[in-house]
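Taken in sequence, the protein lines are chains A and B. Per this note's numbering, the very first residue in the first sequence carries number 16; after that it's consecutive. Per this note's numbering, the very first residue in the second sequence carries number 16; after that it's consecutive. Here a beta-carbon is modelled for each residue, glycine too, at the ideal position from N, C-alpha and C. Contents: one structure, followed by commentary.
Protein chains: 2
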Amino acid sequence: MENEYYSQENHGPYSLFELGDFQLECGRTLADCQLAYSCFGELNSEKTNAIVFTVMFSGTNKAMEKYIGKGLALDPEKYFIVVPNQLGSGLSTSPHNAPPPDEGPDFPQISIGDDVRAQHRLLTEKFGVKSIDLVLGWSMGGQQTYEWCVRYPEMVRRAAPIGGTARTTPHDSLYVEVFCEALKSDPAWEHGRYTQPHAVELGLKRLAHVFALMGNCTEFYRQEKWTDLGIASLDGYLSGFWETWFKPMDPNNLLCMASKWKRGDVCAVSGKSLKDTLGSIRAKVFVIAFTQDMFIPLTDCKYEQEMIPGSELRQVPTLWGHFGMLGLAQEDFDLINSILSEALQSPCAA
Amino acid sequence: MENEYYSQENHGPYSLFELGDFQLECGRTLADCQLAYSCFGELNSEKTNAIVFTVMFSGTNKAMEKYIGKGLALDPEKYFIVVPNQLGSGLSTSPHNAPPPDEGPDFPQISIGDDVRAQHRLLTEKFGVKSIDLVLGWSMGGQQTYEWCVRYPEMVRRAAPIGGTARTTPHDSLYVEVFCEALKSDPAWEHGRYTQPHAVELGLKRLAHVFALMGNCTEFYRQEKWTDLGIASLDGYLSGFWETWFKPMDPNNLLCMASKWKRGDVCAVSGKSLKDTLGSIRAKVFVIAFTQDMFIPLTDCKYEQEMIPGSELRQVPTLWGHFGMLGLAQEDFDLINSILSEALQSPCAA
């Protein structure tokens with residue numbers, strides 16, 4: 016189904032890596048599977064200066080690229096930085112653009128492991144990367160970051176999961192369930208068999224409101240911080256910020272990503288307990304948590320961080336909560352950038 | 016519309032106080048309006064040993080009565096304790112039981128002020144109460160408690176709003192909006208014109224899930240505290256606890272209460288700023304906050320408490336979060352009971 020939102024104009028420039036017929040963990044195969052990515056800087060001759068910056072729910076490479084630039088921690092004059100989109104994200108092979116028999120609601124179930132295996136192929140087959148200086152990502156990007164550490168321990172020297180967990184908690188799982196329920200409550204959803212790309216507008220608005228409810232902290236609301244964006248009212252914030260973000264997107268794409276999120280669990284690949292799985296991580300890990308995050312709370316991040324040998328916990332105390340990563344407050348952007356600098360400069364195993 | 020849930024069997028014994036044709040703040044009149052209440056103990060001859068225990072969203076007198084008993088803070092051997100139900104709660108005159116032209120979705124808009132004016136008439140006209148030793152209430156009961164303090168300062172000697180605010184915050188308002196949206200998303204809702212009492216089952220389930228998402232703290236979920244109730248799984252907790260609570264209720268009743276909640280504001284009666292309104296309170300106020308409450312957070316409670324002269328802040332640090340008031344953990348019940356004892360023993364004006 017055509018959806019003009021998922022375009023080079025809105026999210027590019029990005030490239031497509033051909034995965035061919037890609038075998039998924041669920042047992043099905045995605046024919047002619049494509050992984051969308053952007054990249055910055057040059058790979059050195061030893062092929063050891065790569066950074067992998069994974070992407071969150073509902074986002075694309077474009078959403079994270081503000082953290083990449085000359086003079087920033089993620090400096091393309093020093094590093095070769097790859098930003099791989101998720102499968103199902105809208106730019107990679109996704110429900111909205113897959114041909115039959117995989118289109119729309121018939122798209123196969125994807126896992127975080129599928130994403131990371133696809134990214135690993137991009138890094139190794141396309142670029143010949145030997146080792147990675149830093150894997151990072153926010154929210155679902157944090158899930159992919161942990162998956163990288165566990166699945167490819169020999170490649171990942173440092174990692175920075177930001178507002179993300181290695182294993183989805185029951186509360187976070189409920190959060191995903193509630194916003195999916197909100198999306199699917201729209202009768203126009205028709206179990207995913209809508210025939211117009213923007214038919215499910217009401218469901219997307221309801222989903223947006225659930226994100227608003229949990230996305231920032233309560234103090235953000237009491238202080239009416241939307242005025243910092245030049246928005247005058249709560250209603251203006253809901254419509255102009257949250258609804259505007261989600262409304263152009265494809266519902267089946269979002270549900271594909273949400274399903275991955277809900278099932279996220281690094282123990283699936285290790286076959287061990289969470290303690291043993293996180294305990295086996297060899298990368299130097301900087302766990303970055305938003306102090307007032309309501310759905311990936313500090314306590315959940317800290318709980319996992321304490322199981323990772325030699326890891327560090329860093330907090331971002333923004334009223335933006337989980338969405339502090341958007342860096343809409345300059346001090347949040349600066350703090351996250353400085354933590355990433357610290358991570359990149361820290362010693363790590365080989 | 017008949018709904019067997021709202022019965023003496025389930026919620027009694029309770030009595031009905033005839034308010035007659037009750038003039039509402041919205042300008043409309045509820046004909047033959049009835050206020051349901053329960054009471055315990057005896058009024059002393061000076062008519063000064065009353066306690067008013069107001070009721071939360073979706074609850075009735077029955078839900079709060081576990082805090083009343085011999086040897087507890089709310090001891091009927093010492094106090095005359097009245098538990099007035101909300102208008103719209105299902106036992107008082109409510110959308111589901113009002114005759115035309117006020118039935119169902121045509122029920123008039125009620126305010127917290129209407130509730131408290133009705134309760135004041137019950138206390139003064141029916142019982143001749145002169146002064147009140149303690150007004151208390153949880154959640155929406157906290158809203159009514161603040162309203163009592165501001166509206167009838169000459170009567171209220173002490174007050175204990177528990178997990179409730181004097182003015183609904185923007186975030187709390189969004190929370191109410193999201194759970195109402197969940198309820199109304201069910202096509203069977205039909206803008207309130209459903210014709211079977213339990214037609215809106217799907218909407219009530221969705222509302223229940225939003226309550227689950229915000230009702231306890233995230234750590235409650237990570238620790239799977241539902242096992243303390245003998246429930247084995249998250250799904251079992253959602254269905255056996257939250258859905259079971261809401262499913263028998265009337266959607267229009269819930270929406271009536273939710274609308275009050277959303278508009279709750281003690282400044283409506285004072286016509287002054289929040290600072291000046293709370294600053295004028297003469298009662299000795301114990302603000303009780305649940306440390307990990309996600310929708311009436313400690314910060315919002317503290318913000319208001321600091322504006323009230325001579326007030327005290329007490330915290331209940333339970334993983335049950337907002338729903339710590341249910342007292343399902345014995346230590347929560349004991350702590351709340353002890354704070355109420357402290358409040359009742361504290362000196363106060365007049």
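(message) So A/Arg297 and A/Pro176 are supposed to be a Cβ contact under 8 angstroms. How far apart are they, rounded?
(response) Not confirmed; about 15 angstroms, so no contact.
(message) If distances are taken between C-alpha atoms only, which option among B/Leu102, B/His224, B/Met229 and B/Gly56 comes closest to B/Leu270?
(response) B/Leu102
(request) Measure the alpha-carbon distance for B/Cys232 versus A/Ala197 and round it to whole angstroms. (result) 21 angstroms
(request) Quick one: list the residues of chain A neighbouring B/Ser200, beta-carbon separation under 8 angstroms, in chain order. (result) Ala197, Ser200, Asp201 and Arg221
(request) Between the Cα of B/Lys277 and those of B/Ala181, B/Gly35, B/Ala46 and B/Thr75, spot the shortest distance and give me the residue it belongs to. (result) B/Ala181
(request) Mind reading off the beta-carbon distance from B/Cys255 to B/Gly336? Whole number of angstroms is fine, and I expect it under 8 angstroms. (result) The question names Cys, but residue 255 of chain B in the sequence shown is Gly. So it is not a contact: roughly 18 angstroms between Cβ atoms.
(request) Could you have a look at B/Cys271 and say whether DSSP puts it in helix, strand or coil? (result) helix
(message) Quick check: the stretch 297–306 of chain A against the stretch 324–333 of chain A, are at least 3 beta-carbon pairs closer than 8 angstroms?
(response) yes
(request) Check B/Lys30 in the structure and name its three-state DSSP category. (result) The sequence given here has Ser at residue 30 of chain B, not Lys. Three-state DSSP puts B/Ser30 in a strand.
(message) Taking its Cβ as the centre, do 16 or more other Cβ atoms sit within 10 Å of B/Gly325, making it buried, or is it exposed?
(response) exposed
(message) For A/Val165, tell me which candidate among A/Ala283, A/Leu359, A/Phe310 and A/Asn100 has the shortest Cα-Cα distance.
(response) A/Ala283
(request) Answer yes if the stretch 81–101 of chain B comes into contact with the stretch 51–67 of chain B, meaning at least three C-beta pairs across the two stretches below 8 angstroms, and no otherwise. (result) yes
(request) Helix, strand or coil for A/Lys240, going by three-state DSSP, please let me know. (result) helix
(request) Give the residues of chain A in contact with B/Pro312, contact being defined as C-beta atoms less than 7 angstroms apart. (result) Thr233
(request) Look at the alpha carbon of A/Gly42 and the alpha carbon of A/Asp36, and state the distance between them as a whole number of angstroms. (result) 12 angstroms
(message) For a contact defined as C-beta to C-beta under 8 angstroms, what are the partners of B/Pro185 on chain A?
(response) Tyr236, Arg237, Glu239 and Leu249
(message) Out of A/Leu50, A/Asp243, A/Val193 and A/Gln360, which one is the CA nearest neighbour of A/Leu138?
(response) A/Leu50
(message) Let me confirm a value: B/Leu31 is counted as buried when at least 16 other C-beta atoms fall within 10 Å, else exposed. Which label applies?
(response) exposed
(request) Would you please verify whether the beta carbon of A/Ser288 is less than 9 angstroms from any beta carbon of chain B? (result) no
(request) For chain B, find out if any of its Cβ atoms is closer than 9 angstroms to the Cβ of A/Ala358; answer yes or no. (result) no
(request) Could you spell out the range, first to last residue, of the alpha helix (DSSP H) harbouring B/Glu319? (result) Leu313 to Gln320
(message) Considering Cα atoms alone, identify which of B/Gly342, B/Val67, B/His206 and B/Pro99 is closest to B/Asp243.
(response) B/Gly342
(request) To the nearest angstrom, report how far apart B/Asp349 and B/Gly152 are at their CA atoms. (result) 16 angstroms
(message) Taking a contact to mean a Cβ-Cβ separation below 9 angstroms, would you say B/Met309 touches B/Met71 in this structure?
(response) no
(message) For the stretch 252–267 of chain B against the stretch 210–227 of chain B, do three or more pairs of beta-carbon atoms, one drawn from each stretch, fall closer than 8 angstroms, so that the two count as touching?
(response) yes
(request) Closer than 7 angstroms, Cβ to Cβ, to anything on chain B: give me those residues from the stretch 330–356 of chain A, in chain order. (result) none
(request) Kindly list, in the order they appear in chain A, the residues whose Cβ is closer than 8 angstroms to that of B/Ala283. (result) Near B/Ala283 there are no residues of chain A at all, since even the closest Cβ is about 18 angstroms away, more than 8 angstroms.
(request) Using a cut-off of 8 angstroms between C-beta atoms, extract the partners of A/Leu189 located in chain B. (result) His224, Ala227, Leu228, Tyr236, Leu249 and Leu253
(request) Can you grab the Cα-Cα spacing for the pair A/Glu234 / A/Asp265, in whole Å? (result) 32 angstroms
(message) Quick check on A/Ala88: buried or exposed, where buried means 16 or more other Cβ atoms within 10 Å of its Cβ?
(response) buried
(message) Just to confirm, is the Cβ distance from A/Leu293 to A/Leu149 under 9 angstroms?
(response) no
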